[in-house]
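Note that the sequence shown covers residues -18 to -1, 1 to 127 in mature numbering (1 follows the signal peptide of the UniProt record, and there is no 0).
Backbone N, C-alpha and C define an ideal beta-carbon position, used for all residues, glycine too.
Remember, predicted model here, so these are calculated numbers, not experimental data.
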Amino acid sequence: MLAAKITTALLAIAPALALASPAPVANNPAALNLRAGDDEISLNSFAGSCRACRIDYVSLLHCECRNTAGQWVLSSFDVGTCFRNDQCWLRWQRNGGAFQSCRNARIVDGFTLAADCRAGDGAWCANRVNLNERIHNRNGNMACD
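Structural data, given as structure tokens:
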């Protein structure tokens, strides 16, 4: 009975705890890690420090990302600059221009880019790429390797 009451109380306050901004790591304003209670969040990790991602205007990625002060800031960049279309398949390549021959870009499952790309013969292939592989958060700004 007591365990059920504790669980109910914790569930009631969980949304408020999730919205609280973690404090920056002490004595190092340029640190790439934040503390949220006992948890440490890497600001360089895309999935660990960005949320609410979406794509519009063909390949413009928008996310809320934490900066080194622990604040959520809106970050946007053209994720199409990170890929090339290799005969119907998305491949990581800077300035690859993939979205000249890809369409229907969208974010699924939080941090996965889904898109349909055209092959040389005109066929379309469905692609899924985990953006956390090479997208990084640098002080609230997204970039790819």
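According to DSSP, simplified to helix, strand and coil, what is residue i?
{"i": "F93", "result": "coil"}
{"i": "C45", "result": "strand"}
{"i": "N112", "result": "strand"}
{"i": "A(-15)", "result": "Low per-residue confidence applies at A(-15): pLDDT is 41, beneath 50, and the placement is therefore not dependable, though the value from the model is reported in the following sentence. A(-15) falls in the helix class under three-state DSSP."}
{"i": "S57", "result": "strand"}
{"i": "C64", "result": "helix"}
{"i": "S27", "result": "strand"}
{"i": "H118", "result": "strand"}
{"i": "R80", "result": "According to the sequence shown, residue 80 is Ala rather than Arg. Helix at A80."}
{"i": "C107", "result": "strand"}
{"i": "C99", "result": "strand"}
{"i": "A87", "result": "strand"}
If we count the other Cβ atoms within 10 Å of its Cβ and call it buried at 16 or more, is residue i buried or exposed?
{"i": "G62", "result": "buried"}
{"i": "R33", "result": "exposed"}
{"i": "N123", "result": "exposed"}
{"i": "G104", "result": "exposed"}
{"i": "L43", "result": "buried"}
{"i": "V90", "result": "exposed"}
{"i": "N77", "result": "exposed"}
{"i": "V111", "result": "buried"}
{"i": "A80", "result": "buried"}
{"i": "R36", "result": "exposed"}
If we cut at 8 Å on Cβ distances, does residue i have a partner in chain B?
{"i": "N86", "result": "Among the protein chains of the structure shown there is no chain B, as only one such chain exists."}
Is it the case that the Cβ atoms of residue i and residue j are separated by a distance below 8 Å?
{"i": "N109", "j": "A101", "result": "no"}
{"i": "C107", "j": "I117", "result": "no"}
{"i": "A87", "j": "V40", "result": "yes"}
{"i": "W74", "j": "C84", "result": "no"}
{"i": "A57", "j": "C70", "result": "The amino acid at residue 57 is misidentified as Ala; the sequence shows Ser. In this structure, C70 does not lie closer than 8 Å to S57 by Cβ."}
Going by DSSP, what residue range makes up the beta strand (DSSP E) through residue i?
{"i": "residue 177", "result": "Look at the range of the chain in this structure, -18 to 127, and you will see that residue 177 is not part of it."}
{"i": "D38", "result": "32 to 38"}
How many whole angstroms separate the CB atoms of residue i and residue j, which I take to be in contact at a CB cut-off of 8 Å?
{"i": "C47", "j": "N119", "result": "5 Å"}
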